[in-house]
Amino acid sequence: MQYKSQAVAKLYFIAAIALFAGQVLFGLIMGLQYVVGDFLFPAIPFNVARMVHTNLLIVWLLFGFMGGAYYLIPEESETELYSPKLAVALFWIFLVAGALTIVGYLAVPYATLAKITGNDLLETMGREFLEQPLPTKLGIVVVALAFLFNITMTVLKGKKTSISTVLLLGLWGLAVFFLFSFYNPANLVKDKFYWWWVVHLWVEGVWELILGSLLAFVLIKVTGVDREVIEKWLYVIVTLTLVTGIIGTGHHYYWIGTPEYWQWWGSVFSALEPIPFFAMTVFAFNMVNRRRREHPNNAATLWALGTGVMAFLGAGVWGFLHTLAPVNYYTHGTQITAAHGHMAFYGAYAMVVLTMISYAMPVMRGRAANSNRAQVIEMWSFWLMTIAMVFITLFLTAAGILQVWLQRFSSTPISFMQAQDQISLFYWLREGTGVVFLIGLILYIVSFFVGGDEKPAQA
Amino acid sequence: MTSSTPTLAQAPDSLPPHAATGGAPPGDLAVWVFIFAELLAFGVFFAAYAFTRMRHVELFDTMQLTLDRHAGALNTFLLITSSWCVARAVHAVEHTRNGAATRWLAGALACGGGFLIVKGIEYADKFGAGISLSTNTFYMFYLSLTFFHFMHVILGMVVLAILAVQTRRGDYRPGHMNGLESGAAYWHMVDLVWIVLFPLVYVMR
Amino acid sequence: MSGTFTKSMARNIFYGGTVFFFLLFLALSFDTNSALPARDNRANLTPAVEAGKKIWETRNCIGCHTLLGEGAYFAPELGNVYTRRGGDFIKAWIKSQPTGAPGRRQMPQFNLTDKELDDLVAFLKYASEINSAKWPPNVEG
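Protein chains in written order, with our numbering: chain A, -8 to 450; chain B, 570 to 774; chain C, 50 to 190.
Here is the structure:
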């Protein structure tokens, strides 16, 4: 570790992994509720489990991004963090606020939570992914601004590289677009229109800048390829991302009361959205093939390559599958959407955070790489989780195709619940692969506690 | 692209700097990646237009008559002229006549400005008649395609203006024309798109 | 080629392209906003509908159901439930939850008052009248 303030990232990474485990556990609960409808009812109804599942995902990814930034920025800027104390304080504030929110979801009915947290003052709750009570939303803004202040000041007093610039842009964009979560007009169409300014412009916009810069950073470290080359391709990839992704927002504006020209704009531009992901995969493999050093951390390289491939499959291919308006007419809001969501989030964002952790954690623990034994276990966890996610996606896709056929495409359509009964086999298979995913995650956590012949830190 | 068809990530770096390979396109590979991406976006839009027109031939033929073909033709002339000016500018720099090159670029900018004015008058006319993207399918395509192109003209003019300043400052000289050639290629792309767009939307029946 | 593609050129294209497409997006959003009144059923946006939307949100209905295709995929689409079932059925259904049928998916009991139920139905009626470009494909949602 070159700068001792980078060590604050460790806290963030540990929290991220713990919350990730929580997310997967609640995912398994929901998966079971899909087939055993009254499982844990009324203690944890499906809507509560889902809220916990998706909110934990967002929060652990944010922890991962922030940890990644705290690790990356000092090293890129070649200076200590502006204020490590602030970083530690923000960690605890964010963790406690997040935990209280989750406890709130689980402990009291949502309507009560809304009442006691002042939803009447400014109604922002009860919208998908933005279920957080007002104080939590405000807390996210405060933490995000203080965090941005901290890392921006660090960059300003140090060296400005392309990687840190793109990362900063992504993080600032994340904070700015989150502000739209406070806009909730009574007009449902407008509500939905601007809701996507948070959700889409996050995951298919500014988050990809964060993804690109974290990946570029790790690739420089593990391959030793010239920074100029990697940073140039980072720019090319994020350009393609925003050029296709911003207007690509239109693929959410087909059926929510917005004008119908979005069917054309959205289809054309989102059809091009796989291009940046494809470029990212080619880029990652190319850099690794042209590597100028043999970094002892093979696990980190595996995660980096995996991110490229899985992001392309999940976000690129599975996104393209249902993005054209005539196809989306039938698949909108079915298990196809769920299939795409799972693989895209895992492939792009979960995996890039795990890549960063895989590279940085050994360094923060005073070695260049973990022992071979630990790395082998980590690689096992990589394959178990990744293959499980591929199968989860395939089963959900199969369920979705059947659902579309039975409920929407057939000349004698059947009702939603009748269709769900017909496809329950695939939900069972999904739940089974979900358990495999959990085993992979447990192995991942175990890999942190395996000793052996650790590779000494590099000079 | 180049004859050896290198992979996306290798090409620009595997080439030696300032390699004047015979027959290779001017500018740089990555600029061509963007130009092809842009042409792809326009191409998909054009295909969508053609496909939709097949299903609503009457509507499209009727609505096409409401467009001002003379304005479209004038704009075609303006863009082709400006493209020619840009080509002259590149030629001039190759012969180290940067002053002339700057004037050619200014001429290209003037033609581009003329295009914007003519198109602006057309838009004002249509908007004044209460026409919008939601009027009908034809106007949805007409406005989407032309406005998307209109914004490309503006961006292209920003690029040309920067190139003109740099040329005047003497940043480009024979053998060091990468930026100029790349920007010129982009402007020719903007021109090319209009040369397809004009007959497709204004004329073809 | 007379030179290599430099990082600064890539950076300029990044900034230029981003600004370009963001402006284009703003222009389209502006047009959308002016086209919305003809489609979004705002004429029927009564106080009852607004109250109903609040009920919808504070009971986290989106955690199981979809509304115009967005939400969770655990329970039926409700954007067109007013057309599919009618107001009286919706109220009776909500009041009779949970069914308690073993092994079946369960909807919580929200203990809504009659007024709250009326408001919620008003909201769902308003939602069903939004011009959603003929989506969903059939009444089953």
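From the three backbone atoms N, C-alpha and C, an ideal C-beta is built for every residue, glycine too.
Taking residue i as the reference, give the member of the options with the closest Cα.
i, options, result
"A/R421", "A/M21, A/G13, A/T298, A/K1", "A/M21"
"B/L609", "A/Y350, A/F274, A/S261, A/P447", "A/S261"
"C/N187", "C/Q146, C/F74, C/E126", "C/E126"
"C/A171", "C/V130, C/G190, C/G149", "C/V130"
"C/I143", "C/M156, C/G149, C/H114", "C/M156"
"A/V87", "A/L16, A/I433, A/F54, A/I107", "A/F54"
"A/Y62", "A/R118, A/Q(-7), A/A6", "A/Q(-7)"
"C/L94", "C/Y175, C/P185, C/S181", "C/Y175"
"B/R666", "B/L724, B/L643, B/M709, B/R737", "B/R737"
"A/D29", "C/A84, C/P151, C/N160, C/W184", "C/P151"
"C/L77", "B/S751, B/L636, B/L702", "B/L702"
"A/N361", "A/F439, A/Y337, A/I414, A/A339", "A/F439"
"A/L52", "A/I5, A/L296, A/R284", "A/I5"
"A/G391", "A/S406, A/A207, A/A329, A/I368", "A/A329"
"A/Q409", "C/A124, C/H114, C/E99, C/K103", "C/A124"
Roughly how many angstroms lie between the CA atoms of residue i and residue j, to the nearest whole one?
i, j, result
"B/R774", "B/D630", "6 Å"
"C/M58", "B/N747", "10 Å"
"B/H745", "B/V727", "21 Å"
"A/W188", "A/E445", "46 Å"
"A/T459", "C/T55", "Absent from the structure is residue 459 of chain A, since the part of chain A shown begins at -8 and ends at 450."
"C/R108", "A/I247", "21 Å"
"C/L116", "C/G128", "5 Å"
"B/F615", "A/F400", "29 Å"
"A/V190", "A/T240", "10 Å"
"B/T590", "B/L634", "At B/T590, the pLDDT of 42 sits below 50, so the modelled position is not reliable; the number obtained from the coordinates is stated separately. Spanning the two alpha carbons is a distance of roughly 48 Å."
"B/K688", "B/F719", "8 Å"
"B/L749", "B/G682", "20 Å"
"A/A(-2)", "A/M355", "6 Å"
"B/G641", "B/V759", "15 Å"
"B/E607", "B/Q735", "25 Å"
"C/Y64", "C/F70", "10 Å"
"A/A270", "A/T346", "18 Å"
"A/K76", "A/I142", "12 Å"
"A/T272", "A/N289", "18 Å"
"A/F336", "A/I430", "19 Å"
Could you check what DSSP says for residue i in three-state terms: helix, strand or coil?
i, result
"A/T328", "helix"
"B/R638", "helix"
"C/G120", "strand"
"C/R60", "helix"
"A/P317", "helix"
"A/E369", "helix"
"B/K688", "helix"
"C/E126", "strand"
"B/T590", "Unreliable positioning characterises B/T590 in this predicted model, as indicated by a pLDDT of 42, which lies under 50. The coordinate reading is nonetheless provided below. Note: B/T590 maps to coil in three-state DSSP."
"A/K(-5)", "helix"
"C/K183", "coil"
"B/R742", "strand"
"C/P147", "coil"
"C/P86", "helix"
With respect to the beta strand (DSSP E) encompassing residue i, which residues constitute its N-terminal and C-terminal limits?
i, result
"A/R358", "358 to 360"
Tell me the residue span of the alpha helix (DSSP H) that contains residue i.
i, result
"C/P111", "Pro is not the amino acid found at residue 111 of chain C; the sequence shown has Ile there. C/I111 -> no alpha helix (DSSP H), and no H or E assigned at all."
"A/K181", "179 to 192"
"A/H242", "Element bounds for A/H242: n/a, residue is neither H nor E."
"C/A92", "No alpha helix (DSSP H) holds C/A92; DSSP gives it neither H nor E."
"A/R399", "Taken as a continuous stretch (DSSP letters only), A/R399 belongs to no alpha helix (DSSP H), as it is neither H nor E."
"A/S153", "153 to 169"
"A/Q14", "-1 to 26"
"B/T715", "706 to 738"
"C/D163", "163 to 177"
"A/P265", "265 to 280"
"A/K128", "125 to 148"
"A/G58", "37 to 68"
"A/F311", "309 to 312"
"B/H757", "747 to 766"
"A/M355", "342 to 355"
Going by the C-beta, is residue i closer than 7 Å to any heavy atom of the ligand FMN?
i, result
"C/G66", "The model on display carries no ligand, and the ligand FMN is accordingly not part of it."
Compile a chain-ordered list of the residues in the region 234 to 259 of chain A whose CB is closer than 9 Å to at least one CB of chain F.
In the structure shown, chain F cannot be found, because the protein chains are A, B and C.
Report the residue ranges of all alpha helix (DSSP H) runs contained in full by the region 595 to 681 of chain B; include only those spanning at least 4 residues, in chain order.
Within the region 595 to 681 of chain B, the alpha helix (DSSP H) runs of at least 4 residues that lie entirely inside it are, in chain order, 598 to 624, 626 to 633, 638 to 663.
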